[in-house]
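Engineer: Got a structure here, written out as structure tokens. Questions coming.
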Amino acid sequence: GAVVSQHPSWVICKSGTSVKIECRSLDFQATTMFWYRQFPKQSLMLMATSNEGSKATYEQGVEKDKFLINHASLTLSTLTVTSAHPEDSSFYICSARDPGQGDEKLFFGSGTQLSVL
Amino acid sequence: AQKITQTQPGMFVQEKEAVTLDCTYDTSDPSYGLFWYKQPSSGEMIFLIYQGSYDQQNATEGRYSLNFQKARKSANLVISASQLGDSAMYFCAMRPTHTGGFKTIFGAGTRLFVKA
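Residue numbers (the numbering used here), protein chains in the order written: chain F, 89 to 205; chain X, 387 to 502.
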């Protein structure tokens with residue numbers, strides 16, 4: 089099946105710094121990627137849809153200036169958490185759909201656990 | 387509005403027995419896909435099974451089967467012959483085909499505990 093690689097797996101940063109998370113589709117081209125956030129013992133909440141070559145589409149309530157998304161190529165999307173604060177601590181996971189597969193399922197990265205001190 | 391409901395926060399099952407995880411959904415889109423994912427403690431999301439809204443037969447994948455009842459808007463996951471490695475969080479998800487631009491939404495999840 090298609091592989092999505094996400095880095096880093098975990099990151100600890102100081103409050104006020106920015107953190108970049110990368111999401112790569114390794115064996116397929118993904119025109120669209122999705123970024124989710126998951127709090128402990130809760131479900132995945134869609135943050136934004138990352139579109140190659142255009143601006144991301146953010147879900148209601150998600151600050152676009154806080155969570156910068158760049159999808160500069162067909163295999164790479166990045167999420168930058170700017171001026172991170174402790175409340176941004178969470179599990180972030182990206183996903184992509186392989187257009188070559190007909191059943192529409194999403195392939196997920198392994199996730200990034202962000203801890204802001 | 388699109389919504390996925392999983393009413394079982396936690397479930398216990400004896401090893402080698404079958405278990406059903408409930409999922410109901412709501413959408414106004416006439417065409418949609420339904421999915422189940424497994425999330426072990428490591429955090430990765432593992433795809434288990436897919437059901438299209440126009441599929442006539444219930445989907446099966448090995449020990450997993452999806453009990454799709456369209457009129458009731460339910461898509462329950464059945465795991466047969468449970469194994470200790472099945473202990474994990476299970477999420478039901480839906481992707482409306484015509485609205486939402488390929489967005490997939492997830493239910494709250496059910497934590498499954500398999501007892502030896």
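Glycine included, every Cβ here is placed at the ideal spot set by N, Cα and C.
1) Since Thr496 of chain X and Met431 of chain X should fall inside the 8 Å C-beta cutoff, what is the C-beta to C-beta distance between them, to a whole number of angstroms?
2) Tell me which same chain residues have a C-beta within less than 8 Å of the C-beta of Asp408 of chain X, skipping the five on either side of it?
3) How is the beta strand (DSSP E) around His95 of chain F delimited, first residue to last?
4) What does a CB cutoff of less than 7 Å around Ile390 of chain X pick up in its chain, not counting 5 residues either side in sequence?
5) Since Leu470 of chain X sits in a beta bridge, which residues does DSSP pair it with?
6) When the Cα atoms are used, what is the spatial distance from Tyr450 of chain X to Leu434 of chain X?
7) Is the Cβ of Phe492 of chain X closer than 8 Å to any Cβ of chain F?
8) Helix or strand or just coil, what does DSSP make of Ser403 of chain X?
9) Between which two residues does the beta strand (DSSP E) holding His159 of chain F run?
10) Which same chain residues, not among the five before or five after Leu470 of chain X, have their C-beta less than 8 Å away from its C-beta?
11) Could you name the residues of chain F that Gly448 of chain X contacts, counting a contact when the two beta carbons are closer than 8 Å?
12) Nearest chain F C-beta to Gly495 of chain X closer than 8 Å, yes or no?
13) His80 of chain F to Val399 of chain X, Cα distance in whole Å?
14) Compute the Euclidean distance between the alpha carbons of Ser417 of chain X and Asp153 of chain F, then round it to the nearest angstrom.
15) Taking Cβ positions, are Val150 of chain F and Ser106 of chain F nearer each other than 8 Å?
16) Where are the alpha helix (DSSP H) runs, 4 residues long or more, that stay fully inside the region 422 to 466 of chain X, in chain order?
Structural biologist: So, from the data block:
1) A Cβ-Cβ distance of about 15 Å is found for the pair Thr496 of chain X and Met431 of chain X, leaving them out of contact under the 8 Å criterion.
2) Same-chain partners within the cutoff: Gln392, Thr393, Gln394, Ser460, Asn462, Thr496.
3) Following the DSSP letters along the chain, one finds His95 of chain F inside the beta strand (DSSP E) bounded by residues 92 to 95.
4) Result list for Ile390 of chain X: Cys409, Tyr411, Cys478, Ala479, Met480, Ile491, Phe492, Gly493, in chain order.
5) For Leu470 of chain X, which the question treats as bridged, DSSP gives no partner whatsoever.
6) Rounded to the nearest whole angstrom, the C-alpha separation of Tyr450 of chain X and Leu434 of chain X is 7 Å.
7) Nearest CB-CB separation between Phe492 of chain X and chain F: below the 8 Å threshold.
8) This sequence places Glu at residue 403 of chain X; Ser is not what is there. Three-state DSSP puts Glu403 of chain X in coil, outside helix and strand.
9) 155 to 161 is the extent of the beta strand (DSSP E) around His159 of chain F.
10) Counting only Cβ-Cβ distances below 8 Å, and skipping sequence neighbours, we find Glu401, Val500, Ala502.
11) The premise fails here: Gly448 of chain X is roughly 15 Å from chain F at the closest Cβ pair, so nothing lies under 8 Å.
12) Yes - at least one Cβ of chain F is within 8 Å of the one on Gly495 of chain X.
13) Because chain F is modelled from 89 through 205, residue 80 of chain F falls outside the range shown and cannot be assessed.
14) Cα to Cα, the separation comes out at about 34 Å.
15) Their beta carbons are not under 8 Å apart, which means Val150 of chain F does not touch Ser106 of chain F by this criterion.
16) Runs of the alpha helix (DSSP H) inside the region 422 to 466 of chain X: none found.
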